[in-house]
Each structure stands twice: as structure tokens, then as C-alpha cells.
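I have placed the structure first, in the form of C-alpha cells, so that the comments after it can refer back to it.
Numbering (the numbering used here), first residue to last: 47 to 300.
In C-alpha cells, the structure reads:
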């Protein structure tokens, strides 16, 4: 008995994970809960306007790259990535000065980076989607940093994937993937509208998530089944987590 993963990533980001799952012998079903659309910056900043650039996601890197100046090797700004996938996206752009990844990708982990050791008067740019998290910025401002946001994409709820959902409900070992709180919330809102009678069943299923923050949000929404937090935000970590979950379920049925 093999798990079937409901991949709720935006459509343009689902393919690589689906390939990795296929190669590992798993079944994946695409059910994007969010649509991502580019948002044009009101003005184009210069890289050296800031000491540190924080990119909160792969989308932040890719949509910023579409409308930004090339980052030259002479630039002194330090780049900070929230998550492995974000760091990979920065490396694919060929941008220099990428800071080491923190031990954890919450605000505490980010603030422990050496680049934030002396935040007073530090100029920080945070590249994100509309309405992103505020905690990191608030913490930096409280310590004397100057913080600006550059919102380069918008999140919108995607149409509910009814045919896929109908197939997923028949899976022997259903598992759902949520990579952000906004994705989780959008999915639950759509499900409540389209399939309110399925909510109780949904809340009993297993989840794979990227952080304890998403895990806590899922518990508050009513999810009572196993919630597994990946070690990193990479596709490999998702596959590894699914493999470990399948093994543990298999052993429990022996």
C-alpha cells in the first residue's frame, strides 16, 4: 500500500515535485489551492540601496528577477533566502553574496544569522508576495533596522479541483501537502464551500508541511491526523518525509 500525495502547490511549481514522487514510486495528484500572479513594482530599486535583501520564497526570487536589474559581482548587498528552494532559485539566477541558510526558517532562525548581528541602521529589503508575514520585519525594526517591502506577486484562491478530489478520496493512503499557511487556509475555505460534507474526513487525513507554524495553523483549523514537518523545503525532503510516513504506516499494519 503506497501513499497518494495531494500536491496543493501552484500549478507552475508542481511539476518537479511530481517527477520526484514518480521516480520514488509514489502517486501524486495536482490540486493547487492558490494561483500566483506577478505584481509590478512601483519603482525599480538599486541593489546597493540596501545592505540585506531577504527573499521569502522561490516565487519572490523569480518574479523579482523578471523586473529587476542584474545583480553584479561588485554589489555589496547580502542575500538571505527563506528555505532551500529559495536558495536554489537565487543560485540559479547567478546572484552572488548568498548568506548561509539558518538552522530554522522561522523568524528566530533568520534573526540568528550573522548578517543581522548588528541590526541598528541596517537597511533591509524584504521581497515577498502581497500580505506576507510581518514578524521578521517587526523584530528588525524594533532593533533599529530600516525595512522596506517589495511585493512582486499576488496570491489568489484557485478553482477547487473537484475531479481530482473525488479521486483522492478513494486513495488507500491519502496524504496532503501544504507549503504555506495561506495555501492551507485557501484549500480549507474552498473545501468548505464546494464539499462541506467532506470536511470531517479531510481533517482526519495525514499532512506534510514545511514548518511548525503551518502545523499549528492546521491544528487550529481542526486537523487531527498525523502532521509531518519536513526537514527542509526541498522536493527531496518531501519525498523523504513521505517515504518515512509510508514505512511507519506499513509497520503499524504488520
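Glycine residues also receive a C-beta, built at the ideal position from the N, C-alpha and C atoms.
Report buried or exposed for residue 251, applying the criterion of at least 16 other Cβ atoms within 10 angstroms of its Cβ. buried
So, for residue 132: in the same chain, excluding its five sequence neighbours on each side, which residues have a beta-carbon less than 8 Å away from its beta-carbon? Within the same chain, and ignoring the five residues on either side of residue 132 in sequence, the residues whose Cβ sits closer than 8 Å to its Cβ are 101, 102, 103, 104, 106, 107, 279.
Quick one: grab the DSSP three-state call for residue 86. coil
Separation of residue 130 from residue 287, as counted between CA atoms: 15 Å
Where does the unbroken beta strand (DSSP E) through residue 276 begin, and where does it stop? Note, residue 276: premise wrong, no beta strand (DSSP E); not H, not E.
Through-space distance from residue 198 to residue 109, alpha-carbon basis: 6 Å
Cβ-based burial, residue 294 [other Cβ within 10 Å; buried from 16]: exposed
Minimum length 3: unbroken beta strand (DSSP E) runs contained in the segment 212–292: 220–224, 252–255, 273–275
What residue from 64, 72, 60 has the CA that sits closest to residue 217's CA? 72
Grab me the residues of residue 273's own chain with a C-beta within less than 7 Å of its C-beta, minus the 5 sequence neighbours each way, in chain order. 253, 255, 261, 264
Cβ-Cβ separation, residue 49 to residue 78 (assumed contact under 8 Å), whole Å: At roughly 19 Å, the Cβ-Cβ gap does not stay under 8 Å, so residue 78 and residue 49 are not in contact.
Return the chain-ordered list of same chain residues with a C-beta closer than 8 Å to the C-beta of residue 300, the five sequence neighbours on each side being excluded. With a pLDDT of 47 at residue 300, under the threshold of 50, the predicted position of this residue should be treated as unreliable, and no value is reported.
Assuming residue 171 and residue 139 make a contact with CB atoms under 8 Å, what is their CB distance in whole Å? In fact, because the Cβ distance is near 16 Å, the residues do not count as touching under 8 Å.
Are the Cβ atoms of residue 68 and residue 223 separated by less than 7 Å? no
Residues near residue 154 by beta carbon distance below 8 Å, same chain, minus five either side: none
Under 8 Å Cβ to Cβ from residue 277, same chain only, skipping five residues before and after it: list those, please. Cβ neighbours of residue 277 within its own chain (closer than 8 Å, five residues either side excluded): 283, 286, 287.
Residues bridged to residue 175 (per DSSP): Partner residues in the beta bridge of residue 175, as assigned by DSSP, are 199.
Beta-carbon spacing of residue 232, residue 81 below 7 Å: No; because the gap between Cβ atoms is not below 7 Å, this pair is not in contact.
Would you tell me roughly how many angstroms separate the C-alpha atoms of residue 355 and residue 182, rounded to the nearest one? This structure cannot speak to residue 355, because the chain is shown only from 47 to 300.
Assuming residue 99 is part of the beta strand (DSSP E), what are its boundary residues? Counting along the chain, the beta strand (DSSP E) containing residue 99 begins and ends at 98–101.
Residue span of the beta strand (DSSP E) that contains residue 187, given as start and end: First-last for residue 187: 181–188, but that is the alpha helix (DSSP H), not the beta strand (DSSP E).
Name the one or two DSSP bridge partners that residue 127 has. Beta-bridge partners of residue 127 (DSSP): 101.
Do residue 98 and residue 173 count as a contact pair if the criterion is CB distance below 7 Å? no
By the DSSP assignment, the alpha helix (DSSP H) with residue 63 in it spans what residues? 61–69
Classify residue 113 as helix, strand or coil using the three-state DSSP reduction. coil
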